[in-house]
Structure formats: structure tokens, C-alpha cells
Amino acid sequence: MTRRTYEKSGRKIEKASDLDEAVKDKRKEWRASPSKERRRKRRYEKRLTKELLFRGLED
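Following my numbering, the numbering of the sequence shown begins with 8 at its first residue and continues without gaps.
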């Protein structure tokens, strides 16, 4: 089973294409519908994007 995506995963991202590879949903098969799966993925991507933005401000 894959690990969930957390803000710490944002440290591994160097370019935008890495974002899709970093976002993993370990409960993908358990989701009630594909729309809920897409919604969850968007939330994970948003969390990582915020992490990247704030990391840029701290540096």
C-alpha cells in the first residue's frame, strides 16, 4: 500500500511535472466514485502547492 501524501512530500518536487508523481492516494480503490477520487487528488495537490509557495518565501 502506498503512503499518503503529506506536506513533507513537497520537498522532493523540483518542477511542476513532479507534482503528479508526488500525489498518491492510498485509498484510491475505496473511494465511492471517481469524482470523489479527483476531488481528493486536487486537495493533495493544493496542499503541496501551498508548501512549495511558503518554502519559496522562507528561502
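By construction, the Cβ of each residue, glycine as well, lies at the ideal position given by its N, Cα and C atoms.
Less than 7 Å divides the Cβ of glutamate 44 from the Cβ of lysine 35.
About 7 Å separates the Cβ atoms of leucine 55 and isoleucine 20, confirming a contact at the 8 Å cut-off.
In terms of Cβ geometry, valine 30 and lysine 48 form a close pair [threshold 7 Å]. A distance below 6 Å between beta-carbons, with the five flanking residues on each side excluded, links arginine 38 to the following residues of its chain, in chain order: Glu44.
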